[in-house]
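Residue numbers for the sequence shown, in my numbering: 16 to 413.
Quick notes on the structure that follows.
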Amino acid sequence: MTITALMPVYPRCDVRPVRGEGCYLIGERGERYLDFASGIAVNCLGHAHPHLTKAIADQAATLMHVSNLYGSPQGEAFAQRLVDNSFADTVFLTNSGAEAVECAIKTARRYHHANGNPQRHKLITFNNAFHGRTIGTISATNQDKLRDGFEPLLPGFAYAPFDDLDAALALIDDNTAGFLVEPIQGEGGIRPASQAFLQGLRDACDKHGLLLVLDEVQCGYGRTGTLFAHEQYGIKPDIVAAAKGIGGGFPLGACLATEEAAKGMVAGTHGSTYGGGPLACAAGQAVLDVMLEDGFFDSVKASGERLRAGLEQMIPNHDHLFDSVRGMGLMLGLKLKDTAVSRDFVAHCRDHHGLLLVAAGDNVVRILPPLVIEESHIAEAIEKLSDAARVYVPVSDD
Ligand SMILES: Cc1ncc(COP(=O)(O)O)c(C=O)c1O
Numbered sequence: 016m017t018i019t020a021l022m023p024v025y026p027r028c029d030v031r032p033v034r035g036e037g038c039y040l041i042g043e044r045g046e047r048y049l050d051f052a053s054g055i056a057v058n059c060l061g062h063a064h065p066h067l068t069k070a071i072a073d074q075a076a077t078l079m080h081v082s083n084l085y086g087s088p089q090g091e092a093f094a095q096r097l098v099d100n101s102f103a104d105t106v107f108l109t110n111s112g113a114e115a116v117e118c119a120i121k122t123a124r125r126y127h128h129a130n131g132n133p134q135r136h137k138l139i140t141f142n143n144a145f146h147g148r149t150i151g152t153i154s155a156t157n158q159d160k161l162r163d164g165f166e167p168l169l170p171g172f173a174y175a176p177f178d179d180l181d182a183a184l185a186l187i188d189d190n191t192a193g194f195l196v197e198p199i200q201g202e203g204g205i206r207p208a209s210q211a212f213l214q215g216l217r218d219a220c221d222k223h224g225l226l227l228v229l230d231e232v233q234c235g236y237g238r239t240g241t242l243f244a245h246e247q248y249g250i251k252p253d254i255v256a257a258a259k260g261i262g263g264g265f266p267l268g269a270c271l272a273t274e275e276a277a278k279g280m281v282a283g284t285h286g287s288t289y290g291g292g293p294l295a296c297a298a299g300q301a302v303l304d305v306m307l308e309d310g311f312f313d314s315v316k317a318s319g320e321r322l323r324a325g326l327e328q329m330i331p332n333h334d335h336l337f338d339s340v341r342g343m344g345l346m347l348g349l350k351l352k353d354t355a356v357s358r359d360f361v362a363h364c365r366d367h368h369g370l371l372l373v374a375a376g377d378n379v380v381r382i383l384p385p386l387v388i389e390e391s392h393i394a395e396a397i398e399k400l401s402d403a404a405r406v407y408v409p410v411s412d413d
């Protein structure tokens, strides 16, 4: 038998973390890494944050799981806090981002069903989008690498170039339910939507009775310096999928909706054995305890500006390699020149400089540090990146 016990679907690297301390990960042999990947935008409070770990430990010792057959004081309190701090009136709790997007897709379809328009089932989504790995969420992207071999996929999606309002509007027809869009594409290469694009989608939704569904799994939850990224655009969505940072490392996701958008989601239409269990809610509450403290989002914005300035200052010294910086808050992307491949540069930083980053589409290096980084971590990351750029030999194609 040659297959590994863990199904070999991940191209795993040699880093084998066994412990986390704040903004650092420690490997099996005791080696330390500055973690500017945060489990791909998950560990928003860093590793082993005392408030989060205590909340989880206390809840585990009190009540870990109960069925959603029973009342959920923990879920009600957590959902209420999300409602109080967002556009939403109601929340479905999930275990992952893909499930949050699945719930968003179902909620959008049920809305039109409840309105007597079941033919309005099609969501317009965007090139290079990433919404997860379930059959529904791979159907919601047109990236071949995610879809190959899994056909037949779920019908009911149409794809437009990202940030191209006219192309998106041209796809609206009698079957359209709404738009599903990441305000800032993450896997697609840290591409923020323009103001005109998101506002244009909102206006089209209002004009045609469609729903604006945002995938904020990666860009939400404080990463851009507000609880949700759409707040920075000043637009109000109908449905939002959130996950990643929401549990600070504990598996948790949420589909948030307005009362109107959720009108079809009545008893019996959706469910999950684990979704919104007491342990997950304790983690979610602990993250919000920290994030909603006065000054937290200001400090994310300040750290984002400092990191961005550091990256921008560094670019001219290595302009054979670095092109530009993009993104918002602490969701930043370093676009590389064509002479280099982001995946290789990320491996170089990891293996030779102890700095963890994530590769993304469009030859971009994603920089997603914990939201609690301090000046010293930013300085250390810039120094490691500069050192890495100085000695990195781009892999040539020939
Ligand atoms: C924008 C976006 N949506 C959905 C997902 C899927 O989340 P999960 O891996 O938790 O299912 C991701 C994961 O990277 C994501 O970045």
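Every residue, glycine too, gets a C-beta built ideally from N, C-alpha and C.
Rounded C-alpha distance that separates residue i from residue j
i, j, result
"Asp402", "His368", "8 Å"
"Asp412", "Thr354", "Note that Asp412 scores a pLDDT of 49, beneath 50, so its modelled location is shaky; the value from the coordinates is reported in the next line. For Asp412 and Thr354, the distance between alpha carbons rounds to 9 Å."
"Ala301", "Thr17", "43 Å"
"Cys28", "Leu303", "32 Å"
"Gly325", "Tyr126", "46 Å"
"Phe93", "Cys296", "6 Å"
"Ala129", "Ser154", "23 Å"
"Pro385", "Pro26", "24 Å"
"Asp189", "Thr239", "35 Å"
"Ile250", "Phe212", "11 Å"
"Leu271", "Val361", "34 Å"
"Phe177", "Ala317", "28 Å"
"Val24", "Gly131", "42 Å"
"Gly204", "Tyr85", "42 Å"
"Ala404", "Gln328", "13 Å"
"Gly286", "Val406", "52 Å"
"Arg230", "Val255", "One point to set straight first is that residue 230 is Asp, not Arg, in the sequence displayed. The straight-line gap from Cα to Cα measures roughly 6 Å."
"Gly164", "Gly201", "24 Å"
Contact test: residue i Cβ vs ligand 1 heavy atom, cutoff 7 Å
i, result
"Val408", "no"
"Glu202", "yes"
"Phe172", "no"
"Val232", "yes"
"Ile55", "yes"
"Phe145", "yes"
"Ser111", "yes"
"Ala258", "yes"
"Glu117", "no"
"Glu197", "yes"
Proximity to residue i [Cα-Cα], best of the options
i, options, result
"Gly292", "Cys220, Leu49, His66, Thr77", "Thr77"
"Ile261", "Ile120, Leu67, Ala272, Ser87", "Leu67"
"Thr156", "Asn130, Asp181, Ala72, Glu117", "Glu117"
"His62", "Leu40, Leu97, Gln74, Ile71", "Leu40"
"Ala115", "Lys259, Val387, Gly42", "Lys259"
"Glu424", "Phe337, Ile393, Arg31", "Only positions 16 to 413 of the chain appear in the structure, and residue 424 is not among them; the question remains open."
"Glu396", "Leu161, Ala70, Cys364, Asp377", "Going by the sequence as given, residue 396 is Ala instead of Glu. Taking only the C-alpha atoms, the option nearest Ala396 is Cys364."
"Leu180", "Gly201, Asn190, Pro32, Leu216", "Leu216"
"Gly348", "Val379, Asp338, Phe337, Phe360", "Val379"
"Gly35", "Leu21, Val24, Phe51, Pro23", "Phe51"
"Ser339", "Lys350, His333, Pro409", "Lys350"
"Phe312", "His285, Ile388, Leu371", "Ile388"
"Leu97", "Gly342, Gly171, Ala257, Phe337", "Ala257"
"Gly171", "Ala182, Glu202, Ile120, Ala185", "Ile120"
"Met343", "Leu372, Gly164, Glu246, Ala298", "Glu246"
"Ala282", "Val30, Gln95, Phe107", "Phe107"
"Phe243", "Val315, Thr284, Ile187", "Val315"
"Pro252", "Asp218, Gln233, Tyr236, Gly237", "Asp218"
"Thr288", "Gly235, Val305, Thr109", "Thr109"
"Leu169", "Thr152, Ile71, Thr19, Leu345", "Thr152"
"Val232", "Ser87, Gly112, Thr273", "Gly112"
Near ligand 2: residue i beta-carbon under 7 Å from a heavy atom
i, result
"Gly348", "With respect to ligand 2, the structure offers nothing, as its ligand set consists of ligand 1."
Ranges of the beta strand (DSSP E) found wholly within the region 291–360, counting only runs of at least 3: 337–343, 346–351
At a cut of 8 Å, does the region 140–147 reach the region 197–209 through at least three beta carbon pairs? yes
Pairs of beta-carbons, one from the region 79–90 and one from the region 221–237, closer than 8 Å: are there three or more? no
Could you say if the region 96–111 and the region 271–278 meet the contact criterion of at least three C-beta pairs nearer than 8 Å? yes
For a minimum of 3 consecutive residues, which ranges assigned as the beta strand (DSSP E) are wholly contained in the region 112–143? 137–141
Pairing CB atoms from the region 262–270 with CB atoms from the region 42–49, are three or more of them under 8 Å? no
Which whole runs of the alpha helix (DSSP H) in the region 227–301 are 4 residues long or more, in chain order? 245–248
Can you confirm whether the region 331–338 touches the region 147–167 when touching is taken to mean that 3 or more C-beta pairs between the two stretches lie within less than 8 Å? no
Just to confirm the assignment: which complete alpha helix (DSSP H) runs, minimum length 4, are found wholly within the region 36–93? 53–56, 65–77
May I have a chain-ordered list of the alpha helix (DSSP H) segments no shorter than 4 residues that lie completely inside the region 152–217? 159–162, 180–185
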